[in-house]
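Residue numbers (the working numbering): 133 to 428. Cβ atoms here follow ideal geometry from the backbone N, Cα and C, with glycine treated the same way. Note that the coordinates shown come from a computational prediction; the quantities given were computed from them, not determined experimentally. Below is one structure, written out as structure tokens; the observations come after it.
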């Protein structure tokens with residue numbers, strides 16, 4: 133079976149890309165291992181028409197709509213290897229099965245690596261977050277913390293006072309200079325220089341000197357890495373973003389390997405559900421047009 137496209141990754145970006153191809157009546161395969169990045173969050177926000185819904189409910193509805201198209205096949209599996217072939221590309225699954233296609237769409241996502249602080253990972257997506265636009269409003273203009281990981285945390289700290297009273301926990305990650313301190317002061321951000329021992333309660337920060345700073349929510353910047361080895365195996369180029377590497381794509385989401393498109397968090401310096409869906413729509417349409425206008 134030669135598919136016209138294989139979409140690796142069946143989360144929001146991948147399903148959005150697949151939908152464009154399905155509506156063009158192209159025979160496609162979606163391969164998904166079922167590990168959405170936002171699986172830890174109870175609700176998703178900022179996606180027009182879906183604001184406040186559970187992420188798994190949004191994804192389930194999308195999958196039902198997508199798989200209703202007769203040219204779509206779906207396999208719940210991990211894609212372990214990708215390679216070029218004479219006629220396009222092959223994808224090999226964890227069980228050894230290999231599938232071939234003229235085009236590939238990589239919507240493989242990323243993995244978040246959090247600072248090694250007890251209690252932080254258990255609260256990820258529930259009271260510890262990365263994106264203010266996704267989770268800031270629900271904190272009700274309450275007490276917000278920013279756990280610094282580098283000087284890039286200045287960006288977080290500078291933004292978050294629009295969502296509540298903000299404290300920046302330096303935790304030895306960096307030392308703000310005089311100009312940075314003045315900027316934070318103008319935004320009303322408190323600076324805490326004592327090291328963080330652990331996170332307890334809702335998102336309370338326990339400091340090494342015994343003090344406890346009670347918070348309604350805590351923000352930090354995880355380090356991201358590719359959730360799949362396929363892009364590297366295929367020879368796709370990467371760029372370094374503020375949180376980690378992401379796939380280099382052109383304006384229509386094609387990677388540096390002709391015929392391989394990428395979308396979603398794996399192909400952006402930052403992401404959200406809304407951005408992933410838009411990314412996928414572009415990648416899917418561009419993949420379809422490449423099938424029409426290229427000989428191979």
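Of all the options the options, which has the alpha carbon lying nearest to the alpha carbon of residue i?
i           : options               : result
residue 264 : 197, 290 and 241      : 290
residue 344 : 419, 160 and 277      : 277
residue 407 : 241, 189, 186 and 235 : 241
residue 171 : 368, 257 and 310      : 257
residue 438 : 378, 237, 219 and 211 : Summary: the structure shown does not reach residue 438, with the chain confined to residues 133 through 428, and so no result is reported for it.
residue 421 : 385, 397 and 183      : 385
residue 202 : 173, 153, 185 and 184 : 153
residue 226 : 207, 411 and 195      : 207
residue 368 : 397, 271, 312 and 381 : 381
residue 128 : 298, 317, 139 and 365 : Residue 128 lies beyond the stretch modelled for the chain, which goes from 133 to 428, so this question has no answer here.
Going by the CB atoms, is the gap between residue j and residue i shorter than 9 Å?
i           : j           : result
residue 176 : residue 405 : yes
residue 363 : residue 337 : no
residue 279 : residue 323 : no
residue 402 : residue 373 : yes
residue 164 : residue 141 : yes
residue 149 : residue 395 : yes
residue 283 : residue 308 : yes
residue 251 : residue 233 : no
residue 349 : residue 259 : yes
residue 243 : residue 198 : no
residue 359 : residue 340 : no
residue 419 : residue 235 : yes
residue 147 : residue 191 : yes
residue 329 : residue 346 : no
residue 413 : residue 151 : yes
residue 351 : residue 423 : no
Can you tell me whether residue i is helix, strand or coil according to DSSP?
i           : result
residue 394 : strand
residue 262 : coil
residue 306 : coil
residue 375 : coil
residue 410 : helix
residue 226 : coil
residue 422 : helix
residue 171 : coil
residue 129 : Outside the shown range of the chain (133 to 428) lies residue 129, about which nothing can therefore be said.
residue 415 : helix
Please report the residue range of the alpha helix (DSSP H) in which residue i lies.
i           : result
residue 249 : Segment: none, residue 249 is in no alpha helix (DSSP H) and carries neither H nor E.
residue 145 : 144-155
residue 199 : 187-199
residue 136 : It is not in any alpha helix (DSSP H) - residue 136 instead sits in the beta strand (DSSP E) that spans 134-140.
Output the boundary residues of the beta strand (DSSP E) element that contains residue i.
i           : result
residue 349 : 349-352
residue 236 : 230-238
residue 289 : Taken as a continuous stretch (DSSP letters only), residue 289 belongs to no beta strand (DSSP E), being part of the alpha helix (DSSP H) at 285-291.
residue 212 : 211-216
residue 271 : Where residue 271 is concerned, there is no enclosing beta strand (DSSP E), given that its DSSP letter is neither H nor E.
residue 339 : 336-339
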